[in-house]
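Novice:
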Amino acid sequence: MILQIRPAVASDVDETRDILTASQGHQPWLSRLRFWQSTRSYCDMMVRRGWVKVAVNSGHILGFLARDQQYIHALYVARDNRGQHIGHHLLRDAQMQEVALELCTAQSNAGAQRFYLREGFREIARSSGWQNDRQEPDIRYRWERGAL
């Protein structure tokens with residue numbers, strides 16, 4: 001598979017929304033996720049701000065990562081394309097741009113926890129979730145270039 005990582009453009013909003021919406025349906029910890037108006041407006045806002053990079057193969061978006069400087073707001077891979085290292089490639093692209101990255105994931109999302117630990121992130125804090133969109137307990141992770 002030839003994977004291209006590139007900045008998202010306005011015409012990518014619907015595909016990123018579809019990936020995010022499909023993830024909501026399959027992740028119970030995302031079931032109460034509240035976006036400003038809809039997942040489309042949320043994706044549109046992230047793309048307009050220049051936060052989103054998409055992983056593309058044969059003209060189709062397979063996943064995306066939304067990052068504002070050192071904070072990763074979202075990393076999603078299309079359900080049919082999971083297990084193909086797409087998330088890894090999106091993270092590597094972000095890691096090449098920054099010396100440190102942080103993100104939060106739900107405490108109930110064991111798969112994401114394993115993924116981020118495998119990718120070199122370390123847990124730095126836990127919270128009740130009172131500050132996140134999900135209102136669910138979360139874990140904050142940090143990655144630093146050169147850290148073991």
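Per full-length UniProt numbering, the sequence shown starts with residue 1, numbered consecutively. Glycine included, every Cβ here is placed at the ideal spot set by N, Cα and C.
1. Flag this pair as yes or no: are the beta carbons of Val77 and Val47 separated by less than 8 Å?
2. For the segment 54 to 129, which segments carrying the beta strand (DSSP E) assignment without a break, of at least 3 residues, lie completely within its bounds, in sequence order?
3. Looking at C-alpha atoms only, which residue of Gln131, Ile86, Thr16 and Ala94 is the closest neighbour of Ser41?
4. Go through its chain and collect everything with a Cβ distance to Ile5's Cβ below 7 Å, but skip five positions before and after it.
5. Starting from the Cα of residue 154, find the closest Cα among Gln70, Ser108, Ser127 and Gly87 and give me that residue.
6. Should residue 216 go down as buried or exposed, given a rule of 16 or more other Cβ atoms within 10 Å for buried?
7. Can you give me the C-alpha to C-alpha distance between Leu3 and Gln131, rounded to a whole angstrom?
8. On a Cα-Cα basis, can you pick out the residue from Glu98, Pro137, Phe115 and Ala110 that is closest to His85?
Specialist: Looking at the atomic coordinates:
1. no
2. 60 to 68, 71 to 77, 100 to 106 and 122 to 127
3. Thr16
4. Lys53, Ala55, His89, Leu90 and Asp93
5. Residue 154 cannot be examined here, being either before or after the span of the chain that is shown, 1 to 148.
6. Summary: the structure shown does not reach residue 216, with the chain confined to residues 1 through 148, and so no result is reported for it.
7. 35 Å
8. Phe115
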